[in-house]
Amino acid sequence: MLASGHSVRILDNLSAGKRSNLPLDNPRVELIEGDVADAELVKRVAHGCQAVVHLAAVASVQASVDDPVRTHQSNFIGTLNVCEAMREAGIKRVIFASSAAVYG
0 MLASGHSVRI
10 LDNLSAGKRS
20 NLPLDNPRVE
30 LIEGDVADAE
40 LVKRVAHGCQ
50 AVVHLAAVAS
60 VQASVDDPVR
70 THQSNFIGTL
80 NVCEAMREAG
90 IKRVIFASSA
100 AVYG
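Below you can see the structure in the form of structure tokens.
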């Protein structure tokens, strides 16, 4: 997206990554540290965006067994918050990453 000239706003709790992985020296990159489970934050972050790439999730099966509440908050509530924020902001484009588990 950056290579195409777009600005990128990132909402990330950095639970599975680190700031040094991001090109934060690029003036078209904005990082907001937070969680998709925070509905009001997601709405503020979505404001003014044209599209959303939704990658936030607890992806580990073992982590979902060990902490099902956290998994539900991230994977279900977080996705619902992203969808609601998009609806309220009038954002019509989304790229959503799922997992190989959907294939059985």
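In numbering that gives the first Met the number 0, the protein residues as written are 0 to 103.
Even for Gly, the Cβ is constructed at its ideal location relative to N, Cα and C.
- Annotated three-state conformation of His71 is helix, per DSSP.
- Secondary structure at Asp11: strand, using DSSP grouped into helix, strand and coil.
- For the 7 Å CB-CB criterion, Gly33 and Leu23 do not form a contact.
- Per DSSP, the continuous alpha helix (DSSP H) segment holding Leu79 begins and ends at Gly77 to Ala88.
- Fully contained in the segment 17 to 48 are the following alpha helix (DSSP H) runs of length 4 or more, in chain order: 38 to 45.
- Beyond the five residues adjoining it in sequence on each side, Arg69 comes within less than 8 Å, by CB distance, of Val57 and Ala62 in the same chain, given in chain order.
- Under the DSSP assignment, Ala62 falls outside any beta strand (DSSP E), being part of the alpha helix (DSSP H) whose first and last residues are Val60 to Asp65.
- Remark: C-beta atoms of Ala36 and Ile76 approach each other more closely than 7 Å.
- Between Val81 and His53, the CB-CB gap stays under 7 Å.
- Rounded to the nearest angstrom, the Cβ distance from Ala50 to Val93 is 7 Å, consistent with a contact under 8 Å.
- A distance below 6 Å between beta-carbons, with the five flanking residues on each side excluded, links Ser6 to the following residues of its chain, in chain order: Arg27.
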